[in-house]
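This is how it looks when you write it as structure tokens:
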């Protein structure tokens, strides 16, 4: 029995996108916007499948910062999904959330930090946390799948209940290595 | 290169917002914010003083949150050009209650009247059509404004885009409140959300 429970728990821990989705639902998130990203693909799929969440694909990340602002003005809670390479695109748009003290939550999958194959990902990956912090966004890190619920829950509370701007950086180690050669 | 349009921006916006009823309005930074403020202060106005390129997306987030209220984004050609991709994003969501109104003088008015891409030939109406907007209208005179006004009340069959060709003449600034927290709380209270 004990063994089964442990395995189930471990398996649940591995399905961290589902846990993030369930936590966002528990906090009443009803708009999700995203720039396509492999690390977020399951969460994007869960969001699209949920008729109660308005899911919006963006052409560039800063659109999502503005979308979240409008959602809050209209009474909706919104979350932006992106990859670390898109964070720099948002810098000026973060002034909207700061100036109006708007709740803002973004979940960022990291590139350029753990076993990265593509050197072009590294500069923005290294600057991701600072790019948020120079604009007053508080950064949390999610390093282990089993922490997903707790970290996202804390981030949601701070964002939507304390009007803070929060970014959760999801470790590249959690996402696994990207395969660069096709297996036949 | 820039065609000579004569419609006065203040007169146009005032006529557009007359008898606005439940209309919620997001304004793009610069002259569009001044025009909407000059037309009449209203708690259903949210003025952007920054976030250039973001007005249309703020409008989308709001329109999706308030599908039973008509939402208009009133902005300038320069502001919309900086977020031109947002027209593609909005078109994918087909928000029936959203209208984007571009006050187009073909110039960047706030920064010294440099000629904009629109003034140099970019056709924002054609771009909106290509992006997938269901309704695109070009307006060049006050009759066109009066004819279009009821359309802003619609909560179906959007998104719409109206390109209003305005004159380039100087207009004194009319400055709306610029405290973002105040504007946010006022706007939300007007929709029935208590300040926490």
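Residue numbers (the working numbering), protein chains in the order written: chain A, 1 to 184; chain B, 1001 to 1196. Ideal Cβ positions, reconstructed from N, Cα and C, are used throughout, including at glycine.
* Applying a beta-carbon distance threshold of less than 9 Å, which residues of chain B neighbour residue 106 (chain A)? -> Locating residue 106 (chain A) in the first chain gives position 106, counting from the first residue. Within chain B, no residue comes near residue 106 (chain A); the closest Cβ sits about 14 Å away, beyond 9 Å.
* In whole angstroms, what separates the C-alpha of residue 160 (chain A) from that of residue 109 (chain A)? -> As a position in the first chain, residue 160 (chain A) is number 160, starting the count at 1. As a position in the first chain, residue 109 (chain A) is number 109, starting the count at 1. The alpha-carbon of residue 160 (chain A) is positioned some 21 Å away from that of residue 109 (chain A).
* Between the Cα of residue 171 (chain A) and the Cα atoms of A:158, A:163 and A:128, which residue gives the shortest distance? -> Against the first chain, residue 171 (chain A) aligns to sequence position 171. Among A:158, A:163 and A:128, the Cα nearest to that of residue 171 (chain A) is on A:128.
* Hey, is residue 1193 (chain B)'s beta-carbon within less than 9 Å of any beta-carbon in chain A? -> Counting from one through the second chain, the residue named residue 1193 (chain B) turns up at place 193. At least one chain A Cβ lies under 9 Å of residue 1193 (chain B).
* Mind checking whether residue 107 (chain A) and residue 68 (chain A) have CB atoms under 9 Å apart? -> Working through the first chain from its first residue, we reach residue 107 (chain A) at position 107. Working through the first chain from its first residue, we reach residue 68 (chain A) at position 68. No. Outside cutoff.
* Is residue 1045 (chain B) buried or exposed, if buried means 16 or more other CB atoms sit within 10 Å of its CB? -> Position 45 of the second chain, counted from the first residue, corresponds to residue 1045 (chain B). So residue 1045 (chain B) counts as buried.
* Tell me residue 232 (chain A)'s beta-bridge partners as DSSP assigns them. => Lying before the first or after the last residue shown, residue 232 (chain A) is absent from chain A, which here runs from 1 to 184.
* Give the secondary structure of residue 1104 (chain B) by DSSP, where H, G and I count as helix, E and B as strand, and everything else as coil. => The count along the second chain starts at 1 and reaches residue 1104 (chain B) at position 104. Strand at residue 1104 (chain B).
* **Partner residues on chain B for residue 31 (chain A), Cβ-Cβ distance less than 9 Å** => Here residue 31 (chain A) corresponds to residue number 31 of the first chain, with the count starting at 1. Correct list: 1061, 1064 and 1065.
* Asked: Buried or exposed: which applies to residue 1079 (chain B), given that a residue is buried once 16 or more other Cβ atoms fall within 10 Å of its Cβ?
  -> As a working mapping, residue 1079 (chain B) is identified with position 79 in the second chain. Residue burial is scored here from C-beta neighbours: residue 1079 (chain B) has at least 16 other C-beta atoms within 10 angstroms and is therefore classed as buried.
* To do: Enumerate in chain order the residues of its own chain whose CB-to-CB distance from residue 23 (chain A) is below 6 Å, with the five nearest sequence positions on each side excluded.
  => In the first chain, counting from the first residue as 1, residue 23 (chain A) sits at position 23. If we look at residue 23 (chain A) and ignore the five residues flanking it on each side, its Cβ neighbours are 149, 152 and 153.
* For chain A, is any of its Cβ atoms less than 9 Å away from the one on residue 1101 (chain B)? -> Within the second chain, numbered from 1, the residue matching residue 1101 (chain B) stands at position 101. Taking Cβ atoms only, chain A never reaches closer than 9 Å to residue 1101 (chain B), which makes this a no.
* Residue environment, residue 1182 (chain B), which counts as buried when at least 16 other CB atoms sit within 10 Å -> As a working mapping, residue 1182 (chain B) is identified with position 182 in the second chain. Here residue 1182 (chain B) is exposed, its C-beta having fewer than 16 other C-beta atoms within 10 Å.
* Asked: From residue 18 (chain A) to residue 1193 (chain B), what distance separates their C-alpha atoms?
  -> Counting from one through the first chain, the residue named residue 18 (chain A) turns up at place 18. Counting from one through the second chain, the residue named residue 1193 (chain B) turns up at place 193. Cα to Cα, the separation comes out at about 30 Å.
* Please check if any C-beta of chain A sits within less than 9 Å of the C-beta of residue 1113 (chain B). => Residue mapping note: residue 1113 (chain B) aligns to position 113 of the second chain, counting from 1. Chain A, which has no Cβ nearer than 9 Å to the Cβ of residue 1113 (chain B), makes this no.
* chain A contacts from the region 1032-1059 of chain B (Cβ-Cβ distance under 9 Å) -> Answer in chain order: 1046, 1048, 1049, 1050, 1051, 1052, 1053, 1054, 1055, 1056, 1057, 1058 and 1059.
* **Same chain only: Cβ atoms within 6 Å of residue 33 (chain A), ignoring 5 sequence neighbours per side** => As a working mapping, residue 33 (chain A) is identified with position 33 in the first chain. Contacts found: 56, 58, 64, 67 and 80.
* Asked: What are the residues that DSSP puts in a beta bridge with residue 1047 (chain B)?
  -> For the purposes of this step, residue 1047 (chain B) is taken as the residue at position 47 of the second chain. Within the DSSP bridge table, the entry for residue 1047 (chain B) names B:1027 as partners.
* To do: Return the Cβ separation of residue 103 (chain A) and residue 72 (chain A) in integer angstroms, given the expectation that the two are a contact with Cβ distance under 8 Å.
  => Residue mapping note: residue 103 (chain A) aligns to position 103 of the first chain, counting from 1. Residue mapping note: residue 72 (chain A) aligns to position 72 of the first chain, counting from 1. Contact flag correct, Cβ pair sits at about 6 Å.
* What are the start and end residues of the beta strand (DSSP E) that includes residue 1183 (chain B)? -> Taking the first residue of the second chain as 1, we reach residue 1183 (chain B) at position 183. Residue 1183 (chain B) -> not in any beta strand (DSSP E); alpha helix (DSSP H) instead, spanning 1180-1190.
* Asked: Is it the case that the Cβ atoms of residue 1124 (chain B) and residue 1141 (chain B) are separated by a distance below 9 Å?
  -> Numbered from its first residue, the second chain carries residue 1124 (chain B) at position 124. Numbered from its first residue, the second chain carries residue 1141 (chain B) at position 141. Taking 9 Å as the Cβ cut-off, residue 1124 (chain B) and residue 1141 (chain B) do not qualify as a contacting pair.
* residue 49 (chain A) versus residue 25 (chain A): straight-line alpha-carbon distance, rounded -> In the first chain, the residue the question calls residue 49 (chain A) occupies position 49. In the first chain, the residue the question calls residue 25 (chain A) occupies position 25. Between the alpha carbons of residue 49 (chain A) and residue 25 (chain A) lies a gap of roughly 13 Å.
* To do: With a 10 Å radius around its C-beta and 16 neighbouring C-beta atoms as the bar for buried, classify residue 1025 (chain B) as buried or exposed.
  => The count along the second chain starts at 1 and reaches residue 1025 (chain B) at position 25. Burial call: buried.
* To do: Compare the beta carbon distance of residue 1076 (chain B) and residue 1048 (chain B) with 9 Å and say whether it is the shorter of the two.
  => For the purposes of this step, residue 1076 (chain B) is taken as the residue at position 76 of the second chain. For the purposes of this step, residue 1048 (chain B) is taken as the residue at position 48 of the second chain. For the 9 Å CB-CB criterion, residue 1076 (chain B) and residue 1048 (chain B) do not form a contact.
* Three-way DSSP call (helix, strand, coil) for residue 1134 (chain B) in this model -> In the second chain, residue 1134 (chain B) corresponds to position 134, counting from 1. Looking at residue 1134 (chain B) - three-state DSSP - the assignment turns out to be coil, as it is neither helix nor strand.
* Asked: So is residue 65 (chain A) in contact with chain B if we call contact Cβ pairs under 9 Å?
  -> Looking up residue 65 (chain A) in the first chain gives position 65. Yes, its Cβ sits closer than 9 Å to a Cβ of chain B.
* Asked: Nearest to residue 1161 (chain B) by CA position, among B:1083, B:1034, B:1101 and B:1038, is which residue?
  -> As a position in the second chain, residue 1161 (chain B) is number 161, starting the count at 1. Ranking B:1083, B:1034, B:1101 and B:1038 by Cα distance to residue 1161 (chain B) puts B:1101 first.
* Using a Cβ-Cβ cut-off of 9 Å, state whether residue 75 (chain A) counts as contacting chain B. => Start at 1 with the first residue of the first chain, and residue 75 (chain A) comes out as number 75. Judged by the 9 Å Cβ criterion, residue 75 (chain A) is in contact with chain B.
* **Sequence-distant residues of its chain with Cβ nearer than 6 Å to residue 87 (chain A) (five each side left out)** => Taking the first chain and counting its residues from 1, the one referred to as residue 87 (chain A) is at position 87. Take residue 87 (chain A), set aside five residues on each side of it, and the residues of its chain with a beta-carbon closer than 6 Å to its own are 128 and 131, in chain order.
* To do: Compare the Cα-Cα distances from residue 1013 (chain B) to each of B:1186, B:1143 and B:1092 and report the closest residue.
  => Here the question's residue 1013 (chain B) lines up with position 13 in the second chain. Here the closest residue by C-alpha is B:1143.
* To do: Kindly indicate which three-state DSSP category residue 1195 (chain B) falls into: helix, strand or coil?
  => By one-based count along the second chain, residue 1195 (chain B) stands at place 195. Looking at residue 1195 (chain B) - three-state DSSP - the assignment turns out to be coil, as it is neither helix nor strand.
* To do: Taking residue 1072 (chain B) as part of the beta strand (DSSP E), name the residues at either end of that continuous run.
  => In the second chain, counting from the first residue as 1, residue 1072 (chain B) sits at position 72. In the DSSP assignment, residue 1072 (chain B) falls within the unbroken beta strand (DSSP E) covering 1071-1076.
* Asked: According to DSSP, what are the bridge partners of residue 190 (chain A)?
  -> As shown, chain A starts at 1 and ends at 184. That puts residue 190 (chain A) outside it, with no answer to give.
* To do: Out of B:1056, B:1066, B:1153 and B:1070, state which residue places its alpha-carbon closest to the alpha-carbon of residue 1091 (chain B).
  => For the purposes of this step, residue 1091 (chain B) is identified with residue 91 of the second chain, where counting begins at 1. For residue 1091 (chain B), the nearest C-alpha among the options comes from B:1056.
* Asked: Nearest CA to the CA of residue 1016 (chain B): which residue from B:1172, B:1139, B:1178 and B:1176?
  -> Against the second chain, residue 1016 (chain B) aligns to sequence position 16. Ranking B:1172, B:1139, B:1178 and B:1176 by Cα distance to residue 1016 (chain B) puts B:1139 first.
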